[in-house]
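Under the working numbering, the first residue of the sequence shown carries the number 96, and numbering increases by one thereafter. Ideal Cβ positions, reconstructed from N, Cα and C, are used throughout, including at glycine.
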Amino acid sequence: MPTVSTDAIRTRFSAAMSAMYRDEVPLYGDLLSIVADVNDRVLADRPALQAELRAAGELDRLGVERHGAIRLATAAELAMMRRAFAVMGMWPVGYYDLSVAGVPVHSTAFRAVDDAALAANPFRVFTSLLRLDLIEDAALRAEAAAILAERRIFTDMGVRLIERAEAQGGLDDDEADRFVAELLETFRWHGDARVDAATYDRLNAAHRLIADIVSFRGPHINHLTPRTLDIDAAQAEMQARGIKAKAVIEGPPPRAVPILLRQTSFKAIEEDVTFPGDQAGQHTARFGEIEQRGAALTPKGRALYDRLLEQARGGSQGSHAERLAAAFAAFPDTMEAMRTAGLAYFRYTLTDADGAAITGGDLDDWIAAGHVRATPIIYEDFLPVSAAGIFQSNLGSDEQRSYGASAAQAAFEAALGAAVADEFALYANLEARSIAQVRTALRRAAA
Ligand code: OOG
Ligand code: NI
Numbered sequence: 096m097p098t099v100s101t102d103a104i105r106t107r108f109s110a111a112m113s114a115m116y117r118d119e120v121p122l123y124g125d126l127l128s129i130v131a132d133v134n135d136r137v138l139a140d141r142p143a144l145q146a147e148l149r150a151a152g153e154l155d156r157l158g159v160e161r162h163g164a165i166r167l168a169t170a171a172e173l174a175m176m177r178r179a180f181a182v183m184g185m186w187p188v189g190y191y192d193l194s195v196a197g198v199p200v201h202s203t204a205f206r207a208v209d210d211a212a213l214a215a216n217p218f219r220v221f222t223s224l225l226r227l228d229l230i231e232d233a234a235l236r237a238e239a240a241a242i243l244a245e246r247r248i249f250t251d252m253g254v255r256l257i258e259r260a261e262a263q264g265g266l267d268d269d270e271a272d273r274f275v276a277e278l279l280e281t282f283r284w285h286g287d288a289r290v291d292a293a294t295y296d297r298l299n300a301a302h303r304l305i306a307d308i309v310s311f312r313g314p315h316i317n318h319l320t321p322r323t324l325d326i327d328a329a330q331a332e333m334q335a336r337g338i339k340a341k342a343v344i345e346g347p348p349p350r351a352v353p354i355l356l357r358q359t360s361f362k363a364i365e366e367d368v369t370f371p372g373d374q375a376g377q378h379t380a381r382f383g384e385i386e387q388r389g390a391a392l393t394p395k396g397r398a399l400y401d402r403l404l405e406q407a408r409g410g411s412q413g414s415h416a417e418r419l420a421a422a423f424a425a426f427p428d429t430m431e432a433m434r435t436a437g438l439a440y441f442r443y444t445l446t447d448a449d450g451a452a453i454t455g456g457d458l459d460d461w462i463a464a465g466h467v468r469a470t471p472i473i474y475e476d477f478l479p480v481s482a483a484g485i486f487q488s489n490l491g492s493d494e495q496r497s498y499g500a501s502a503a504q505a506a507f508e509a510a511l512g513a514a515v516a517d518e519f520a521l522y523a524n525l526e527a528r529s530i531a532q533v534r535t536a537l538r539r540a541a542a
C-alpha cells in the first residue's frame, strides 16, 4: 500500500545521495561545510533577507537544497530513469542542447514542479543523454552502440519497485527505503570499467565525455551542488582553503536582487579505474559545484539576460567580471523595477492575515499600500551557457570542438517517452496561482 509521499521519497533519496557522495568525494564534505558557514553568516548579517526567505518558505529547505547531474547512454536508460524519478515526484523540465558548446549530449532537468513539492524538497537532477549520432567515426559509433546494448544500469529489484510504485500508485515505508537503496547502486561510482584500456583510449580520443559515459557500469553521479546565499564569499573561502575552484563564476554578475543562477565548480578528481584483466588506469569525472539561485525570469527577462551575457562574452575590454558588470548595468536591479517591467516571476501573498483592510483597487495598489507582498519566485532550472562552461571546465581546455547547432528535442523526447515541460509555463502558473489565492482571500474577507 502506498503510504510514503513522493516528496518524502525524494527527500530520502537526496539525503542518501549526499551521504554517498560525501564518502566517495571527501572534498564535497568540505564544500558543504563552507556553504553552511557562509549561509549562516549571510543570514546573521541580513535579517531582511532572512525574513524574505522565511516568507518564501526557502529558509527551511536551504540546507537540503541541491542538484546533481548524471549522463546516460541510451534511450532505454533515459526512459527507465524518467519512471524512476516519477516515483520521487520529479518530472522532466526543459530541453538543453549542449552540442552547440561542443559537448555531444542533450539534457533535461528532473525536478519537483508544484509549490508544495518545491518547498518540501527542490532536489533536481540534470540528466544528459549521449548523442551517438555526433560521433563522426562510424566504426567507433557502432562499437559504442554494441558495448551499450548489453549494459544494465538498474538493479532487477530497482526495476521491480518502479513497476510496483506505478501499479500501486506509490510505495510503503520499507519499499521506499529499498527503492532508494537500489537506485543508489545506479548512481554509485563503479571503478571497474566495462571496456578494456585500449577501447577506453579510443573513446577518450573521440571525446572525453564519450569515454565517461560509455566505459562504466552506470551513470555515476558526477557532482552534487548545494545552494549558497553568497557565491562570491563561498568562492573566496574555497580558494582560501586551497580548493581548486574555477576562475570564473558562470552566469549573471553579483546583484542586489539575484537572478537565475550563478555557479562555480572545483576541478574533477582523479579516480582509480580497473580495466578487465586487472589493468590499472585513471579517470576524471566527478567534481564539486556550488550555486547561488535568484529570481526566475520571464521570457522577456531571459531575452535581456541572454543579450547582455552575449555582449559581455563578446567584448574584449577588461576582465570577464568587469564586462559582465558593465553589460548588466542595463538590467534593473530592484524587485519593483523588475516586477513592473515584467522581467521576473513573483509570488504574491497578503501581508495582513485576511486582507480585511483592503477595499477596492487591484494588485499594484495593494502592493503600493503594503497589503500584498511580491517576492521573486526562485529559478529551479539550469542555464545552457553555464552548463557548457561547467562541462568544459571539467574536461580540460584541450576539449574544444564544435558540432554545429543541431538541437534534437523531438529525438530526445522520443527517447524519454514523454514531452519535457516548458519551464516558463511552470513559473507563470505558480505566479498566477498566487494571485488567484490573494483574490480568493480578499473575496472571502469581503463576504
Ligand atoms: C552537467 C553539467 C550541467 C549545471 O549545473 O549546469 C550542470 C554535467 O556535467 O553532467 O550540472
Ligand atoms: Ni551542476
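Does P371 pass the burial test, meaning 16 or more other C-beta atoms within 10 Å, or should it be called exposed? That one is exposed.
For the ligand NI, which residues count as neighbours when the test is a C-beta closer than 6 Å to any heavy atom? For the ligand NI, residues qualifying as neighbours are H162, A164, F221, H318, T320, E384 and I485, where qualification means a beta carbon closer than 6 Å to at least one of its heavy atoms (chain order).
Checking 8 Å against the spacing of the C-beta atoms, do R166 and W284 come in under that value? Taking 8 Å as the Cβ cut-off, R166 and W284 do not qualify as a contacting pair.
Can you give the Cα-Cα distance for G286 and L154, rounded to whole angstroms? G286 and L154 have their C-alpha atoms spaced approximately 38 Å apart.
What does the Cβ neighbour count give for K395, buried or exposed, with the cut at 16 atoms within 10 Å? Exposed, since its Cβ has fewer than 16 Cβ neighbours within 10 Å.
Considering only residues of the region 230 to 258, which uninterrupted alpha helix (DSSP H) runs meet the minimum length of 4 residues and lie entirely inside it, listed in chain order? Listed in chain order, they are 233 to 244.
Which residues in the same chain as T250 place their Cβ atom closer than 7 Å to its Cβ, once the five residues preceding and following it in sequence are excluded? The answer, listed in chain order, is E277 and E280.
How about P427 and A390: do their beta carbons lie closer than 8 Å? With respect to the 8 Å criterion, P427 and A390 are not classified as neighbours on the basis of their beta carbons.
Can you tell which of R246, Q387 and D460 has the C-alpha that lies nearest to the C-alpha of P348? With distances taken between Cα atoms, P348 lies closest to Q387.
Please report the residue range of the beta strand (DSSP E) in which S360 lies. L356 to F361 is the span of the beta strand (DSSP E), which, as asked, contains S360.
Nearest-angstrom Cα separation, counted from F180 out to D267: Computed Cα separation, rounded: 16 Å.
Per DSSP, which one or two residues make a beta bridge with A164? DSSP, once it has assigned bridges, lists F221 and H318 as partnering A164.
Buried or exposed, going by whether 16 or more other CB atoms sit within 10 Å of the CB of T46? Residue 46 is absent from the structure shown; the chain starts at 96 and stops at 542.
Who are E384's beta bridge partners in DSSP? According to DSSP, which records beta bridges pairwise, E384 is partnered with S360.
Please classify G455 as buried or exposed, where buried requires at least 16 neighbouring CB atoms within 10 angstroms. Counting Cβ neighbours within 10 Å, G455 comes out exposed, since fewer than 16 surround it.
Which of helix, strand or coil DSSP assigns to S414: Three-state result, S414: coil.
Taking the CB atoms as reference points, tell me whether G163 and I248 lie closer together than 8 Å. No, the Cβ-Cβ distance between G163 and I248 is not below 8 Å.
Note down the Cα distance separating A241 from L224, rounded to an integer number of angstroms. If I take the Cα positions, the gap works out to 17 Å.
Out of V198, V200, M183 and T106, which has the shortest C-alpha to C-alpha gap to L157? Comparing alpha-carbon positions, the option among V198, V200, M183 and T106 lying closest to L157 turns out to be T106.
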